[in-house]
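Protein chains in written order, with numbering that gives the first Met the number 0: chain Z, 0 to 140; chain X, 0 to 140. Just so it is clear, CB atoms sit at the ideal spot from N, CA and C, and this is done for glycine as well. Since the model is a prediction, treat every value here as computed from it, not as a measurement. For reference, the structure is listed below as structure tokens.
Protein chains: 2
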Amino acid sequence: MSWEERLNQAGWRVTMPRRVVLRVLQQARRPLSPQEIHARGRRIHRSLGLVSVYRALEVLEQAGLVRRVHREARCDGYILASPGHHHVLICRRCGRAVEFPGAEDLSGLIAQVERRTGFRVEDHLLQLIGLCAPCQGSGPA
Amino acid sequence: MSWEERLNQAGWRVTMPRRVVLRVLQQARRPLSPQEIHARGRRIHRSLGLVSVYRALEVLEQAGLVRRVHREARCDGYILASPGHHHVLICRRCGRAVEFPGAEDLSGLIAQVERRTGFRVEDHLLQLIGLCAPCQGSGPA
DNA sequence: CTCTAACTGAAAAAATTTTTCAGTAAAATC
DNA sequence: GATTTTACTGAAAAATTTTTTCAGTTAGAG
Numbered sequence: 000m001s002w003e004e005r006l007n008q009a010g011w012r013v014t015m016p017r018r019v020v021l022r023v024l025q026q027a028r029r030p031l032s033p034q035e036i037h038a039r040g041r042r043i044h045r046s047l048g049l050v051s052v053y054r055a056l057e058v059l060e061q062a063g064l065v066r067r068v069h070r071e072a073r074c075d076g077y078i079l080a081s082p083g084h085h086h087v088l089i090c091r092r093c094g095r096a097v098e099f100p101g102a103e104d105l106s107g108l109i110a111q112v113e114r115r116t117g118f119r120v121e122d123h124l125l126q127l128i129g130l131c132a133p134c135q136g137s138g139p140a
Numbered sequence: 000m001s002w003e004e005r006l007n008q009a010g011w012r013v014t015m016p017r018r019v020v021l022r023v024l025q026q027a028r029r030p031l032s033p034q035e036i037h038a039r040g041r042r043i044h045r046s047l048g049l050v051s052v053y054r055a056l057e058v059l060e061q062a063g064l065v066r067r068v069h070r071e072a073r074c075d076g077y078i079l080a081s082p083g084h085h086h087v088l089i090c091r092r093c094g095r096a097v098e099f100p101g102a103e104d105l106s107g108l109i110a111q112v113e114r115r116t117g118f119r120v121e122d123h124l125l126q127l128i129g130l131c132a133p134c135q136g137s138g139p140a
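Spelled out as structure tokens, the structure:
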């Protein structure tokens, strides 16, 4: 099924901004901000508006065609650090965040990725999202 | 070594805004934005400025006393999604991003975390940061 | 082809983050 | 403890990013 069909079946229309945003991301070699996507998109279709880029990204993300990557810059949640531990567990209902140890648990996966991609992995960001024990009883709201 | 000593040894001063931000985060049960930290901080020290919160977070993060959590909202990098795969590998030098499969590699870790914390894990965010093969030769700039 | 409501771009508004600057205070030195 | 230095501070202004509003436009069902 093409992405156009996927959009249609989900009740969305295939429009110029969505087409352009997708094409820009297909050609990109790194994560792009809405601003960057807009700038590149205008080279494909001059009248593309920035607002439409924001809206297209929202729809395309919901449709699973685009993924948001969380980068160092411009992300605004802070918790207290427990030195040496880098993993975070967040409850999607009450928002509670817990750090937990376990860098060594990823070593196998990291070694495998390094072998397959040629990257040298220096750091990582792992966040698990779910429901904490008290929130499991309280319905999904 | 206390956090005050850690700051001093790294050449930073122990000041009111830094003290207040740290105290707010110690009392918090979830990740807080700079705005939220500011609002709570003013209840401890009325004259605390928002700008100082931003600056304190920057310093405390560098000192390893505070950790930034990347949440769904307000993060601006997008890449194309390959359905079903959730992991991303980013080169810190050239910015190139690659998705890679491997959700199943985390199942052991996730089961362990669920057992230890009582959370039910529904989703996760794993990003590896490092140097891609071409960038490994070209120095750290 | 017609119709309708999901869309669009532009402008304005809102919110967030950074810069600037004159003054303050932490902590090293006396 | 007083003096001195300069890393810091809050407020205001500027810059940037994101959302809302609105009058039209257009994708795609019928």
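- Task: With DSSP collapsed to three states, give me the class of Arg119/X.
- Result: Counted from its first residue, the second sequence places residue 119/X at position 120. Note: Arg119/X maps to strand in three-state DSSP.
- Task: Reducing DSSP to helix, strand and coil, say where Val58/Z ends up.
- Result: The residue given as residue 58/Z occupies position 59 in the first sequence. Reduced to three states, the DSSP call for Val58/Z is helix.
- Task: Determine, using beta carbons only, whether Glu121/Z and Ile128/X come nearer to each other than 9 Å.
- Result: On the first sequence, position 122 is the one that residue 121/Z refers to. On the second sequence, position 129 is the one that residue 128/X refers to. For the pair Glu121/Z and Ile128/X, the CB atoms are nearer than the 9 Å cut-off.
- Message: Can you check whether the C-beta of Ala140/X is within less than 9 Å of a C-beta belonging to chain Z?
- Response: Within the second sequence, the letter at position 141 stands for residue 140/X. At Ala140/X, the pLDDT of 44 sits below 50, so the modelled position is not reliable and the matter cannot be decided from this model.
- Which residue comes first and which comes last in the alpha helix (DSSP H) that contains His37/Z? As a working note, residue 37/Z is residue 38 in the first sequence. Start and end: Pro33 to Ile43.
- Leaving aside the five residues before and after Pro30/Z along the sequence, list all residues of the same chain whose C-beta is less than 8 Å from its C-beta, in chain order. In the first sequence, counting from the first residue as 1, residue 30/Z sits at position 31. Excluding residues within five positions, the ones whose Cβ falls inside 8 Å are Val68 and Arg70.
- Query: Is the segment 42-55 of chain X touching the segment 3-21 of chain X, taking contact as three or more C-beta pairs under 8 Å?
  - Reply: Segments in contact, yes.
- Positions along the segment 60-81 of chain Z whose CB lies within less than 7 Å of some CB in chain X: Answer in chain order: Gly63, Leu64, Val65, Arg66, Arg67, Val68, His69, Arg70, Arg73, Cys74, Asp75, Gly76, Tyr77, Ile78, Leu79 and Ala80.
- Strand pairing of Ile89/X, partner residues [DSSP]: Mapped onto the second sequence, residue 89/X falls at position 90. DSSP lists Ala96/X and Ile128/X as the beta-bridge partner residues of Ile89/X.
- Message: Against Leu47/X, what residues of chain Z qualify as contacts under a CB-to-CB distance less than 9 Å, listed in chain order?
- Response: Start at 1 with the first residue of the second sequence, and residue 47/X comes out as number 48. The contacting residues do not exist; Leu47/X stays about 15 Å from chain Z at best.
- Item | One or two residues paired with Ile78/X in a DSSP bridge | Numbered from its first residue, the second sequence carries residue 78/X at position 79. Partner residues in the beta bridge of Ile78/X, as assigned by DSSP, are Arg66/Z.
- With DSSP run on the structure shown, which of helix, strand or coil describes Arg5/X? The count along the second sequence starts at 1 and reaches residue 5/X at position 6. The answer is helix: DSSP assigns Arg5/X an H, G or I state.
- Query: Taking Cys134/Z as the reference, which of Glu4/X, Leu59/X and Phe118/X has the closest Cα?
  - Reply: Numbered from its first residue, the first sequence carries residue 134/Z at position 135. The shortest C-alpha to C-alpha distance from Cys134/Z to any of Glu4/X, Leu59/X and Phe118/X is the one to Phe118/X.
- Run down chain X in chain order and give the residues with a C-beta less than 7 Å from the C-beta of Gln8/Z. In the first sequence, the residue the question calls residue 8/Z occupies position 9. Neighbours of Gln8/Z on chain X: none; closest Cβ ~14 Å, over 7 Å.
- Message: Quick check on the burial criterion: 16 or more other C-beta atoms within 10 angstroms. Buried or exposed for Val50/Z?
- Response: Counting from one through the first sequence, the residue named residue 50/Z turns up at place 51. With fewer than 16 other Cβ atoms within 10 Å, it is exposed.
- Under 8 Å (Cβ pairs) to chain X, residues found in the segment 87-108 of chain Z: Contacts with chain X (Cβ-Cβ distance below 8 Å) from the segment 87-108 of chain Z involve Val87, Leu88, Ile89, Cys90, Arg91, Cys93, Gly94, Arg95, Ala96, Val97, Glu98, Phe99, Gly101, Asp104, Leu105, Gly107 and Leu108, listed in chain order.
- Item | Residues near His86/X by beta carbon distance below 8 Å, same chain, minus five either side | Residue 86/X sits at position 87 when you count from the first residue of the second sequence. Correct list, in chain order: Glu98, Phe99, Pro100, Gly101, Ala102, Leu125, Gln126 and Leu127.
- Where Gly40/Z meets chain X, residues with beta-carbon distance less than 9 Å: For the purposes of this step, residue 40/Z is identified with residue 41 of the first sequence, where counting begins at 1. Under the 9 Å cutoff, chain X gives no residues; its nearest Cβ is about 12 Å from Gly40/Z.
- Specify the secondary structure class of Val13/Z as computed by DSSP and reduced to three states. Taking the first sequence and counting its residues from 1, the one referred to as residue 13/Z is at position 14. Judged by DSSP in its simplified three-state form, Val13/Z adopts coil rather than helix or strand.
- Using the beta-carbon of each residue, which ones in chain Z are nearer than 9 Å to His123/X? As a working note, residue 123/X is residue 124 in the second sequence. Here the neighbours are Leu125, Gln126, Leu127, Ile128 and Gly129.
- Excluding sequence positions up to five away, which residues of its chain have a Cβ less than 8 Å from the Cβ of Pro139/Z? Along the first sequence, read from residue 1 onward, the residue named residue 139/Z stands at position 140. Residue placement at Pro139/Z is flagged as unreliable, the pLDDT there being 48, under the threshold of 50; a coordinate-derived value is accordingly withheld.
- Do Leu79/X and Arg66/Z have their C-beta atoms within less than 9 Å of each other? Position 80 of the second sequence, counting from 1, holds the residue named residue 79/X. Position 67 of the first sequence, counting from 1, holds the residue named residue 66/Z. Yes, these two residues count as a Cβ contact at 9 Å.
- Task: Report the three-state DSSP secondary structure of Gly48/X (helix, strand or coil).
- Result: Position 49 of the second sequence, counting from 1, holds the residue named residue 48/X. It is coil, neither helix nor strand.
- Can you tell me the Cα-Cα spacing of Ala27/Z and Ser1/X, whole angstroms? The count along the first sequence starts at 1 and reaches residue 27/Z at position 28. The count along the second sequence starts at 1 and reaches residue 1/X at position 2. Rounded to whole angstroms, Ala27/Z to Ser1/X spans 46 Å at the Cα level.
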